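According to this note's numbering, the residues represented by the sequence shown are 616 to 762, in order. For every residue, glycine included, the Cβ atom is placed at its ideal position computed from N, Cα and C. Because the structure is a prediction, the values reported are computed rather than measured. To start, the structure itself, in structure tokens.
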Amino acid sequence: MNKEIEIFINKQTCATICCIDAEGNPYCFTVFIAFNSDQVLLYFKSSVATHHSKIIHTNPKVAGTILPNKLSRFSTQGIQFQGVILVNENPLTLQATTHFYKRHPLALGVPGEVYTLQLNQIKYSGLHLGIKTKLRWSRDEMSSKSK
């Protein structure tokens, strides 16, 4: 993964995630995130009783955005992503709670489940001082490099 993408995601605390319900209607929700750059996973916590939790248990495919914690009128940057929510039996979810609570220790006092979002496509866009940056990453690139 490009270091600029990794650094950007690690600095941010929130993401907006969109899921699609059984009728094909989009539904967006905002969550606090922790990023696992080694496995390219996002972790977030939510109550299992929420509308979006019910949707992602049925349809785990998601898309979303990550914007800077502080927005600026003079520079824009952000991430657009696609991915899938992993079921708790998946070995990639084993470190989810540890990783999430290390980043957000106060979340220990809030009921809910820590979810693992496997990022499969990432597009980073930035515009600073008139210089445009567009970087892309795909899990397919990651798996082809490990072969």
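Residue 680: which of 709, 738 and 653 sits nearest, CA to CA? 738
Go ahead and label residue 634 buried or exposed: buried means 16 or more other beta carbons lie within 10 angstroms of its beta carbon, across all protein chains shown. buried
Helix, strand or coil for residue 753? Go by DSSP, reduced to three states. strand
Closest by CA to residue 636, which one among 665, 670 and 621? 670
With respect to the alpha helix (DSSP H) encompassing residue 623, which residues constitute its N-terminal and C-terminal limits? 618-626
So, helix, strand or coil for residue 719, using DSSP? coil
Touch check for the segment 639-646 and the segment 695-707: three-plus C-beta pairs under 8 Å? no
Who are the Cβ neighbours of residue 719 in its own chain at under 6 Å, not counting the five residues just before and after it? 647
Straight-line gap, residue 658 to residue 756 (C-alpha atoms, nearest Å): 22 Å
By how many angstroms is the C-alpha of residue 704 removed from the C-alpha of residue 692? 35 Å
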